[in-house]
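Take a look at the structure set out below.
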Amino acid sequence: MTRVLVVEDDTQLVRALVINLRARQYGVDAAPDGTTALRLTEARQPDVVILDLGLPDMDGIEVLRLLRGRTRAPVLVLTARRASAEKVVALDAGADDYITKPFGMNELLARLRAAVRRTQPVPAGRETAVIATDGFTVDLAAKKVTRDGRDVRLTPTEWQLLEILIRHPGRLITQRQLLLDVWGPSHGTKTNYLRVYMAQLRRKLETDPSRPRHLVTEPGMGYRFDN
């Protein structure tokens, strides 16, 4: 049974989440504040955390950072904060997804399922080294990309960006994280680098670069790979 920790001080919302999650065979623990959430994380070892940022005893971002020192479980931030800057802060602090209130229960459950899938180990002997889309194929082991049966030449920087996104399918990778991973600490704010290289990747890989299906932009936040 997948165990979910709900960290939320709105009792009506907690009740709705608990009912919906238990109806779908999830185990659920609930914490009304950050202190309780950290204690339950140590005691219960949840598989997924749903975290509100507006908690009564401490800021949710601080709770998120403390959680990251205690668990590798995916954290889905659930909050009324809508500003892009707030989302970037949460994602940089270790959130795996960001859902704003009000939200649809079906959307939250779908994102929860996706987060769980990303943490499931691949069976022995079935490691995925080749990722195929309807437009191109990436061989991670051989560091090779093909499109329409032909090799696509990528620069080392283009390959690094693509590999990071490919290895985290469906997950939003922030601009800052990509800049740090590819160019280093001195380039953490140079988002123009990303725009240039992502445009080049799309021209090489996407069927319609102006409307990318696989290398997707989340405006003001970052990029994700959708298969």
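Numbering (UniProt numbering), first residue to last: 1 to 227.
Here a beta-carbon is modelled for each residue, glycine too, at the ideal position from N, C-alpha and C.
Which parts of the segment 74-142 are runs of the alpha helix (DSSP H), unbroken and 4 residues or longer, counting only runs that do not cross its ends? Taking only runs of at least 4 residues, the alpha helix (DSSP H) segments lying wholly in the segment 74-142 are 84-92 and 105-119.
Measure how close the beta-carbons of LEU5 and ALA37 come, nearest whole angstrom, since I'm counting them as under 8 Å. The C-beta distance from LEU5 to ALA37 rounds to 7 Å, short enough to fall under 8 Å.
Would you give the residue range spanned by the beta strand (DSSP E) that GLU158 belongs to? Looking at the DSSP string, GLU158 is not in any beta strand (DSSP E); the run it does join, the alpha helix (DSSP H), is 156-166.
Name the two residues that bound the continuous beta strand (DSSP E) containing ARG3. For ARG3, the enclosing beta strand (DSSP E) covers residues 3-7.
The segment 59-70 contacting the segment 132-147, beta-carbon criterion three pairs below 8 Å: The answer is no - the segment 132-147 does not touch the segment 59-70, with fewer than three Cβ pairs under 8 Å.
Take PRO123 and list the residues in its own chain whose beta-carbon comes closer than 7 Å to its own, dropping the five residues that flank it on each side. With a pLDDT of only 47 at PRO123, under 50, the local geometry of the prediction cannot be trusted, and the value read off the model is given with reservation. So the list is empty, once near-sequence residues are dropped.
CA-CA distance, VAL49 and LEU67? Cα-Cα distance, rounded: 9 Å.
Tell me whether the beta-carbon of MET221 lies closer than 8 Å to the beta-carbon of THR155. Contact flag unset, no.
Short of 7 Å in beta carbon distance, which residues of its chain neighbour THR157, apart from the five on each side in sequence? Order them along the chain. For THR157, same chain residues with a beta-carbon under 7 Å away, outside a window of 5 residues either side, are VAL182 and TYR197 in chain order.
Mark GLY34 as exposed unless 16 or more other C-beta atoms lie within 10 angstroms of its C-beta, in which case mark it buried. Buried, because 16 or more other Cβ atoms sit within 10 Å of the Cβ of GLY34.
When the Cα atoms are used, what is the spatial distance from ILE19 to PRO56? Distance from the CA atom of ILE19 to the CA atom of PRO56, rounded to whole angstroms, is 23 Å.
Cutoff 6 Å; reference GLU107; Cβ partners in own chain excluding five residues on either side: Its chain contains no residue whose beta carbon lies nearer than 6 Å to that of GLU107 once the 5 sequence neighbours on both sides are disregarded.
So, with DSSP's three-state summary, where would you put ARG176? Judged by DSSP in its simplified three-state form, ARG176 adopts helix.
In whole angstroms, what is the alpha-carbon distance linking ARG153 and VAL145? Roughly 7 Å separates the two Cα atoms.
For PHE103, count neighbouring Cβ atoms within 10 angstroms of its own Cβ and tell me buried if that reaches 16, exposed if not. Counting Cβ neighbours within 10 Å, PHE103 comes out exposed, since fewer than 16 surround it.
For the alpha helix (DSSP H) that THR36 lies in, which residues bound it at each end? Unbroken alpha helix (DSSP H) run through THR36: 34-44.
For ASP59, write down the residues that DSSP places opposite it in a beta bridge. According to DSSP, ASP59 bridges with GLY54.
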